[in-house]
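The working numbering applies: residue 127 is where the sequence shown begins, and numbers increase by one. Here a beta-carbon is modelled for each residue, glycine too, at the ideal position from N, C-alpha and C.
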Amino acid sequence: MDELQELERIRREGLERLAEANDAASLEAWRVAYLGRNAPVMQVFSRLGQAPKELRPQIGQSANAVKQALEAAYQEKLEAVRRAALEEELTRQKLDVTLPGRRPFLGRHHIETQTMREILRIFTSMGFQVYSSPDIETDEYNFTYLNIPPHHPARDMWDTFYLTTPGLLLRTHTSPGQIHAMRQFAPEPVRVVLPGMCYRYEQAGARKDIQFTQVELLAVGYDITFADLKGTLQDFADRIFGERLRTRLRPSYFPFTEPSAEMDVECVICNGKGCSVCKGSGWLEIMGCGLVHPVVLQHGGYDPAKFTGFAAGMGPGRIAMLRHAIQDIRSLYENDVRFLEQF
Ligand code: DAH
Numbered sequence: 127m128d129e130l131q132e133l134e135r136i137r138r139e140g141l142e143r144l145a146e147a148n149d150a151a152s153l154e155a156w157r158v159a160y161l162g163r164n165a166p167v168m169q170v171f172s173r174l175g176q177a178p179k180e181l182r183p184q185i186g187q188s189a190n191a192v193k194q195a196l197e198a199a200y201q202e203k204l205e206a207v208r209r210a211a212l213e214e215e216l217t218r219q220k221l222d223v224t225l226p227g228r229r230p231f232l233g234r235h236h237i238e239t240q241t242m243r244e245i246l247r248i249f250t251s252m253g254f255q256v257y258s259s260p261d262i263e264t265d266e267y268n269f270t271y272l273n274i275p276p277h278h279p280a281r282d283m284w285d286t287f288y289l290t291t292p293g294l295l296l297r298t299h300t301s302p303g304q305i306h307a308m309r310q311f312a313p314e315p316v317r318v319v320l321p322g323m324c325y326r327y328e329q330a331g332a333r334k335d336i337q338f339t340q341v342e343l344l345a346v347g348y349d350i351t352f353a354d355l356k357g358t359l360q361d362f363a364d365r366i367f368g369e370r371l372r373t374r375l376r377p378s379y380f381p382f383t384e385p386s387a388e389m390d391v392e393c394v395i396c397n398g399k400g401c402s403v404c405k406g407s408g409w410l411e412i413m414g415c416g417l418v419h420p421v422v423l424q425h426g427g428y429d430p431a432k433f434t435g436f437a438a439g440m441g442p443g444r445i446a447m448l449r450h451a452i453q454d455i456r457s458l459y460e461n462d463v464r465f466l467e468q469f
């Protein structure tokens, strides 16, 4: 038979069959039959060598044209079938607007951040302004200006992470911020509350970790007395614990305060009876405090003959533990959502 007529027949038959294929499976069967390796149009190509030489170019061209026409028709039909399937699905699946939405997971502030904010809120309401100072400190700010000269045994109270750059360290407490604040405000009176991360090179335990936040309090002015300190801290304790817990001030020692004290609150875990958290004492220390040492005032730029002041330092982690009866301070930093989402 004339190959050109045969090609025309293939084209017509192919298109007719394609019109009948209306789903993915029959389309695929059509593709194998009309465009696959053994499809009639492919056989025309294989027979090309047997055709008379002068007819070969024309047969070749027509065969290509038929193949392309079939391919184009196939692509178009494939698209049409897909679109029809999608439309069918969309009309079948009605949107149920009464279906409750999926509740998004709402984040929240970490319990220590919540406690920190509460502490800052209380002190700012008393007229202290929030002040920030660096995590990386010089030896002078962390120790010397706070009346702890090099080689002084009191340095043993703060096991320190030193940086590889000589003279620099990770602050072991927020107290160096006192010096920064005083130097910024002297000779004007100053009242600051100073939050921040502190670092200590020591064994982690149920009540302490190598990294923790502190809040420092500092007031410098005329005629500030120990009574001002005690009143401020008692008011703070009443507000942060809701007047539920007993507190006491106990004489203590810090190089940067004189006199120095520690404030304890009754242990919430055992209600003051004595347990492993309070080491049997019934009390938990929540902060160190005292009247600012004259040497520290001097380093801050104040004349100790004219100015006095008080300072205190506390750990919001500890305070969060007390308010929520948390047994192990490390749970604050393990990032276990089952623990954190309770607050
Ligand atoms: N800096 C002390 C510490 O980390 C805490 C402290 C005690 C801060 C007494 C003070 C203070 O401001 O007056 O152990």
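Between the C-alpha atoms of methionine 447 and tyrosine 288 there is a straight-line separation of about 29 Å. For phenylalanine 433, the shortest C-beta to heavy atom distance toward the ligand DAH is 8 Å or greater. For tyrosine 200, the enclosing alpha helix (DSSP H) begins and ends at 182 to 218.
Apart from sequence neighbours up to five positions away, the residues of its chain that approach lysine 193 with a beta-carbon distance below 7 Å are Val167, ordered along the chain. Remark: the C-beta of histidine 306 is outside contact range of the ligand DAH, defined as less than 8 Å to any heavy atom.
In this structure, phenylalanine 338 and arginine 449 do not form a Cβ contact; the two beta carbons are roughly 16 Å apart against a cut-off of 8 Å.
For glycine 162, the closest alpha carbon among the candidates Pro385, Glu215 and Leu196 is that of Leu196.
As far as DSSP is concerned, proline 430 takes part in no beta bridge.
In this structure, arginine 317 and glycine 253 form a Cβ contact; the two beta carbons are roughly 6 Å apart against a cut-off of 8 Å. Within the region 417 to 461, the runs of beta strand (DSSP E) at least 3 residues long that lie entirely inside it are, in chain order, 434 to 440. Phenylalanine 269 and methionine 283 have their C-alpha atoms some 11 Å from each other. Around the CB of serine 301, 16 or more other CB atoms lie within 10 Å, so the residue is classed as buried. Residue burial is scored here from C-beta neighbours: glutamine 340 has at least 16 other C-beta atoms within 10 angstroms and is therefore classed as buried.
Distances taken from the Cβ of leucine 296 to the heavy atoms of the ligand DAH include none shorter than 8 Å. According to the DSSP secondary-structure assignment, serine 386 is paired through a beta bridge with Ser378 and Gly416. For glutamine 169, the enclosing alpha helix (DSSP H) covers residues 166 to 173.
Comparing C-alpha distances from leucine 417 to each of Arg218, Ala387 and Ala198 shows the shortest one belongs to Ala387.
When beta bridges are read from the DSSP output, tyrosine 267 appears opposite no residue.
With a cutoff of 8 Å, threonine 300 counts as near the ligand DAH, since its C-beta is closer than that to a heavy atom of the ligand.
Straight through space, the alpha carbons of proline 292 and arginine 374 are spaced by roughly 41 Å.
When the beta-carbon positions are compared, histidine 306 and serine 378 stay at least 9 Å from each other. DSSP, read as helix, strand or coil, puts tyrosine 325 in strand. Boundaries of the alpha helix (DSSP H) harbouring threonine 250: 237 to 251, taken from the DSSP string. Taking C-beta atoms as the reference points, valine 319 and threonine 434 fail to come closer than 9 Å. Within the region 272 to 322, the runs of beta strand (DSSP E) at least 3 residues long that lie entirely inside it are, in chain order, 294 to 296.
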